[in-house]
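Some notes on the structure that comes next.
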Amino acid sequence: MPAVLVTGGGSGIGAEVCRVLAAAGWQVAAADLRPPEGGHELDTTDEAGWERVLDAVWPLDGLVNCAGIRDRAPLEELELAAFERMMAVHVTGCFLGTRGVARRWRTEERSGAVVNISSVTATHAVAGQVHYVTAKGAIAALTRAAAVELGPTGTRVNAIAPGIIRTPMTADRLGDPDQTAWLLSRVPAGRVGEPAEIASAVQFLLSDAASYVNGVLLPVDGGWAAG
Ligand SMILES: NC(=O)c1ccc[n+]([C@@H]2O[C@H](COP(=O)([O-])OP(=O)(O)OC[C@H]3O[C@@H](n4cnc5c(N)ncnc54)[C@H](O)[C@@H]3O)[C@@H](O)[C@H]2O)c1
């Protein structure tokens, strides 16, 4: 049975990824600041924490870097601490996780698959979230760089760029009719996406069905990025 670790597995997209992968026959471990029952406590910015969790769940065949935070502030009011925390949770987190599994796979002369959760904002910026947009763009770049470097070992590193998905992270925006109307004006599908629609893309990128897919940023956004 292939094994996978999912960060952010305690809520929203990550929780659904855990459910879908388990149903597909994966042995699933979740890691989160607030882990689900049986999951592992992890702050993705914590280097020692990553090693502790990887030691506990190893061996792995896949890693899904899904943990994330989102808040809003105009550029001129954005505090340095908020900018740096956003970069750390998302970018440092993806770096530490990808480095951790890559080192172990290389030592064992085997390979695996990493899926990083970026965002449509990596390619289509929105106002009021400079830190989030920057972090998600960096995840897309980290994904390409890691894919190029690890490709010769057989390891694949891909990213998904979700559009607007119904989760606790977006509950405030989707509770505001004006925000919802603005968001949906960007989405040719004319509706909000569901976590299951991201989880199925994660499942594909982890699987052998994607054996020749490496370094992509796959939009799963109802067509937002096509516009
Ligand atoms: N919901 C959307 O519309 C949307 C769109 C694009 C991208 N994303 C991305 O998808 C991912 C999942 O988001 P979601 O919508 O499911 O949000 P969510 O808030 O439901 O889940 C995020 C999870 O990450 C965990 N987390 C936060 N900081 C952490 C840290 N430092 N270490 C470990 N865990 C941490 C939280 O505890 C939570 O369980 C995030 O990376 C988010 O940026 C979401």
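In terms of the UniProt record's numbering, the sequence shown opens at residue 1 and continues consecutively. For glycine and all other residues, C-beta sits at the position ideal for the given N, C-alpha and C. Predicted model only: the values in this text are computed from it and were never measured.
DSSP beta-bridge partners of residue i
i	result
Asp32	Glu41
Asn214	DSSP lists no partner for Asn214.
Pro2	Note: Pro2 sits in no beta bridge, so no partner.
Arg156	Ala113
Gln129	Ala73
Ala161	Pro219
Within 8 Å, strictly: CB atoms of residue i and residue j
i	j	result
Val57	Trp224	no
Ala15	Pro35	no
Ile160	Val91	no
Gly137	Gly163	no
Thr107	Val157	no
Pro188	Gly222	yes
Thr155	Ala102	yes
Gly190	Leu184	yes
Val213	Ile198	no
Val17	Ala31	no
Ala140	Leu217	yes
Gly100	Glu51	yes
Arg173	Gly227	no
beta-carbon residue i near ligand 1 non-hydrogen atom, thresh 7 Å
i	result
Asp178	no
Ala81	no
Val89	yes
Thr45	yes
Cys18	no
Arg70	yes
Arg34	yes
Gly112	no
Ser185	no
Met86	no
Pro2	no
Cys66	yes
Same chain only: Cβ atoms within 8 Å of residue i, ignoring 5 sequence neighbours per side
i	result
Met1	Gly25, Trp26, Gln27
Val4	Leu21, Trp26, Gln27, Val28, Ala29, Leu60, Asp61, Gly62, Leu63, Val64, Leu206
Gly93	Thr7, Thr44, Thr45, Asn65, Ala67
Ala82	Asp71, Ala73, His131
Ile13	Cys66, Ile117, Pro162, Ile165, Thr167, Pro195, Ile198, Ala199
Gly151	Asn214, Gly215
Glu79	Ala73
Contacting residues, own chain, Cβ-Cβ under 6 Å from residue i (five flanking each side not counted)
i	result
Ala147	Val157, Asn214, Gly215
Leu42	Ala31, Gly49, Val53
- Item | the segment 101-115 touching the segment 170-182, judged by at least three CB pairs closer than 8 Å | With a cut-off of 8 Å on Cβ pairs, the segment 101-115 is not in contact with the segment 170-182, counting fewer than three such pairs.
- Message: Contact between the segment 130-141 and the segment 60-80 is defined here as three or more beta-carbon pairs at a separation below 8 Å; is this criterion met?
- Response: These segments touch.
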